[in-house]
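Residue numbers (our numbering): 135 to 488. Think of the CB as a built atom: it goes at the ideal place given N, C-alpha and C, for glycine as much as any other residue. Remember, predicted model here, so these are calculated numbers, not experimental data.
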Ligand SMILES: [Zn+2]
């Protein structure tokens, strides 16, 4: 999984900069637009805190906030949230931006103009833009989630998502047609024209791709909600003790093919990848090192749990693998790529029928 740079915690929530944001920071440092990027960063962060703190208020787990150049994302375990709660969480972000836009707008109007004037104007415009764009009912914007949660109360998850995807495409079409007409009529400089067109392409990929991903997820959870974890259980693992040495493990793996090595460390299940073992297991210096030094914790789930629950946990934990337990024992593993491949097959059947 690609992740960004961790920059600390706020209210106990980890804040991360996506690597594209870091890239943008370097570019703007070069061109000298540093202040505006820092302001954008802070305003997006406040918007995301709106989502995250609302989630926490409703006892929904928040893993972290990731900041991208065009906005942010709060990684929230929405599986436990009913449509009403999801709706409130989605609303909170744009409401924070609206409130900030109002405050800065009023300050701009009523404070004596001076050096602060242009800064307040920028703050008003940025927050206004964040509020307005996120109220548009299109995936993957907040407005899309608001509409979906609203529809979900009466129509169920899949139909709500399908309808929101349709609305998203209509909004995208209106935006593309509208902005293209505007550009043809008012933009005479060819360079600027090309830049605007490129921007439209980015927006189209963002909305179309986001809507497609939401639809896929809705199909996956619809398809897996009645299946149990044990129906996709894989036995492609071996289990060892945490005190096992790398050299010993290397020799075991030479005899037994297995993709994954697991061991229990107290209550948690940890994993050592085969690549790590192959790289270190036959080097003289590392023969006696314990596997526990090279292990990462992986999420675990009961074998009787719903497959859809397992998928949302894996997504939330950003893990492609999960240990399946029965009581205190590990009885198998669950691989995200296998579930997704199966669900994708099912989805193409469903889409073909439509
Ligand atoms: Zn938002």
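- Non-local beta-carbon contacts of residue 461 in its own chain, meaning distances under 8 Å to residues more than five positions away in sequence, are absent.
- Within the same chain, 275 come within 7 Å of residue 267 by CB-CB distance, once the 5 residues on both sides are set aside.
- The beta carbon of residue 350 sits no closer than 8 Å to any heavy atom of ligand 1.
- The DSSP-derived three-state label of residue 290 is helix.
- Secondary structure note for residue 460: its beta strand (DSSP E) is the uninterrupted segment 455 to 460.
- Assignment of beta-bridge partners to residue 327 by DSSP yields no partner.
- Relative to ligand 1, the beta carbon of residue 185 is positioned inside 8 Å of a heavy atom.
- The three-state secondary structure of residue 272, taken from DSSP, is coil.
- Judged by DSSP secondary structure, residue 162 falls within the alpha helix (DSSP H) whose first and last residues are 153 to 165.
- Counting along the chain, residue 229 sits inside the alpha helix (DSSP H) bounded by residues 217 to 244.
- Here residue 312 carries a helix assignment [DSSP, helix/strand/coil].
- Closest option to residue 223, judged by alpha-carbon separation, among 188, 362, 410 and 455: 188.
- Closest in C-alpha terms to residue 374, from the list 321, 334, 367 and 429, comes 429.
- Note on geometry: alpha-carbon atoms of residue 418 and residue 463 lie some 33 Å from one another.
- Rounded to the nearest angstrom, the gap between the Cα atoms of residue 410 and residue 425 is 10 Å.
- Rounded to whole angstroms, the Cβ separation of residue 209 and residue 179 is 14 Å, and the two are not in contact under 8 Å.
- Cβ atoms of residue 395 and residue 458 stay farther apart than 8 Å, at about 16 Å.
- Burial state of residue 172 is exposed, judged by a 10 Å Cβ sphere holding fewer than 16 other Cβ atoms.
- Note that the stretch 288 to 298 does not touch the stretch 258 to 266; fewer than 3 beta-carbon pairs, one per stretch, sit closer than 8 Å.
- Take the alpha-carbon of residue 284 and the one of residue 215: they are about 13 Å apart.
- In summary, residue 228 is buried, with 16 or more beta-carbon neighbours lying within 10 Å of its beta-carbon over all protein chains present.
- Straight-line measurement puts the Cα of residue 264 at about 45 Å from the Cα of residue 466.
- Judged by the Cβ position, residue 150 fails to qualify as a neighbour of ligand 1 at the 8 Å threshold, every heavy atom of the ligand being at least this far.
- In the DSSP assignment, residue 466 falls within the beta strand (DSSP E) that extends over 463 to 469.
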